[in-house]
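Remarks on the structure that follows.
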Amino acid sequence: METIKVMVNGLPGNVARILAGHIHKDKRFNLIPYSLTGAEILESEYMLD
Numbered sequence: 081m082e083t084i085k086v087m088v089n090g091l092p093g094n095v096a097r098i099l100a101g102h103i104h105k106d107k108r109f110n111l112i113p114y115s116l117t118g119a120e121i122l123e124s125e126y127m128l129d
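Going by this note's numbering, the residue at position 28 of the sequence shown is 108; the numbering climbs one at a time, nothing skipped.
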């Protein structure tokens with residue numbers, strides 16, 4: 081079975097962070113390494129725990 085590619089926007093927000101963590105652990109999904117977020121976010125990278 082082919083994995084479903086998922087992009088989670090809103091990182092490093094709380095909901096997006098929790099959702100991305102669950103998606104990353106689930107073998108049915110492939111979390112792509114990109115995310116859109118607000119202009120006020122200065123971080124260019126975010127590492128999941």
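C-beta atoms are modelled at their ideal positions from N, C-alpha and C, and glycine is treated no differently.
Computed from a predicted model, the values in this text were never measured in an experiment.
What are the boundary residues of the beta strand (DSSP E) that includes residue 111? 109–111
Within 10 angstroms of its Cβ, does residue 95 collect 16 or more other Cβ (buried), or is it exposed? exposed
For the alpha helix (DSSP H) containing residue 103, name the first residue and the last one. 94–105
Beta-carbon proximity check, residue 91 vs residue 115, cutoff 7 Å: yes
Less than 7 Å between C-beta atoms, sequence neighbours within five positions excluded: which residues of the same chain meet that for residue 117? 89, 90 and 91
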